[in-house]
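Data first, discussion second: the structure below is written as structure tokens.
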């Protein structure tokens, strides 16, 4: 009997062997002995035959992709199996492509969390042992502790004062310092004066970037008239550079203060109007109740109090019950 089985036919046979729930469980539980393997729900195992299209429009198809769930959690994971009869030096890159494609597939479906992907290579080569590293992160040795962990830069928790004291041509500490108080106009004004010297030392490129930020953060907090003046001040800085920053800061501070005063007066006026309306309404209801108790008709009460008929009927029902 000829033992020289064609490679393609041999690979297909291996795929059929591993594309069975019980055989797959045998591989990961009894052969590879993964600690979590005993918790797999056998009924939850599904095999995925889909292809993945990369950003270069090339297609990837892993030999076997199985989706499964653990008994004690609702989180599912993928088992990715590649069958190889020769040693591939680019296996780490190939597996990473599969993993990224699987994650992208889940994200495109609206997944909020990335499922774990467990890569396995089944090697049946005769002429050579598998002698290359299985560490996917080996190429990122210097950064391996940071690649799959992200850090949070909370602008409101950062103290940038020591950087601002150096008065370097840096925009980030200025923006962070101002962002921290963007909802407090009084403190924003105070901090604008505090960073005036920093603003004067900015390069023309950073001044342009600062004005772009200020357009969306400071300008909307001004009155309509104030925004027109702000635009003129901004144009003056663009033409003259840092030497005009002092004038810009003092005038923008004034415009912010004027906007705050106008908002306060408007709020006070609205509060008074609301109070008057509330008082008038309470008086209307009080008169309506008295008229109901004296036997007046709904139409007559509505004419005198200017309340809706339906509201008067509701008051009548409350009083008479």
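In the UniProt record's numbering, the protein residues as written are 1 to 321. We put the CB at the ideal spot given by N, CA and C, even for glycine.
So, at 7 Å on beta carbons, what are the nonlocal neighbours of residue 230 in its own chain, with the 5 sequence-adjacent residues on each side left out? Here residue 230 has 219, 222, 252 and 255 as same chain residues with Cβ atoms under 7 Å from its own Cβ, once five neighbours each way along the sequence are excluded.
Quick check: the Cα distance between residue 240 and residue 168, rounded to an integer number of angstroms? Those two C-alpha atoms are separated by around 19 Å.
At which residues does the alpha helix (DSSP H) containing residue 93 begin and terminate? Unbroken alpha helix (DSSP H) run through residue 93: 91-108.
With 16 other Cβ atoms within 10 Å as the buried cut-off, status of residue 302: Per the 10 Å Cβ criterion, buried.
Between the C-alpha atoms of residue 148 and residue 232, what's the straight-line distance to the nearest angstrom? Taking the straight line joining both Cα atoms gives about 47 Å.
Based on the DSSP output, what are the partners of residue 399 in its beta bridges? Lying before the first or after the last residue shown, residue 399 is absent from the chain, which here runs from 1 to 321.
What is the DSSP secondary structure of residue 132, counted as helix, strand or coil? Residue 132 sits in coil when the DSSP states are folded into three classes, being neither helix nor strand.
Would you mind stating whether residue 66 and residue 25 have Cβ atoms separated by less than 7 Å? Contact: no.
For residue 40, the three-state DSSP class (helix, strand or coil): Judged by DSSP in its simplified three-state form, residue 40 adopts strand.
I'd like the list of long-range same chain contacts for residue 193, defined as Cβ closer than 7 Å, with 5 residues on each side in sequence excluded. Excluding residues within five positions, the ones whose Cβ falls inside 7 Å are 249 and 253.
Start and end residues, beta strand (DSSP E) containing residue 46: Unbroken beta strand (DSSP E) run through residue 46: 46-48.
Any idea what DSSP makes of residue 322, helix, strand or coil? A question about residue 322 goes unanswered here, because the residues of the chain that appear run from 1 up to 321.
Drop a sphere of 10 angstroms on the beta-carbon of residue 267, count the other beta-carbons inside from all chains shown, and report buried for 16 or more, exposed for fewer. At residue 267 the pLDDT is 46, less than 50, meaning the model places this residue with poor confidence; the figure from the coordinates comes in the next sentence. With fewer than 16 Cβ atoms within 10 Å of its Cβ, residue 267 is classed as exposed.
Assign residue 218 to one of three DSSP states: helix, strand, or coil. Here residue 218 sits in coil by DSSP.
Cα-Cα, which of 63, 146 and 87 is closest to residue 132? The shortest Cα separation from residue 132 among 63, 146 and 87 belongs to 87.
State the CB to CB distance for the pair residue 378 and residue 120, rounded to an integer number of angstroms; the pair is presumed to be in contact (CB under 8 Å). It is not possible to answer for residue 378, since the shown part of the chain is limited to 1 through 321.
Give the DSSP-derived three-state secondary structure of residue 271 in the structure shown. Unreliable positioning characterises residue 271 in this predicted model, as indicated by a pLDDT of 49, which lies under 50. The coordinate reading is nonetheless provided below. In this structure, DSSP gives residue 271 a helical state, which the three-state scheme calls helix.
Have a look at residue 28 and residue 139 and give me their C-alpha separation to the nearest angstrom. Between residue 28 and residue 139, the C-alpha separation is close to 26 Å.
Does DSSP put residue 153 in a helix, a strand or coil? Note: residue 153 maps to coil in three-state DSSP.
How do the stretch 164-181 and the stretch 191-209 stand: do at least 3 beta-carbon pairs fall below 8 Å, yes or no? Result yes; three or more Cβ-Cβ pairs closer than 8 Å.
State the CB to CB distance for the pair residue 188 and residue 178, rounded to an integer number of angstroms; the pair is presumed to be in contact (CB under 8 Å). The Cβ separation is near 7 Å, so the contact holds.
Below 8 Å on the Cβ atoms is my guess for residue 70 versus residue 39; work out the distance and round it to an integer in Å. Their Cβ separation, rounded to whole angstroms, is 4 Å, which keeps residue 70 and residue 39 in contact under 8 Å.
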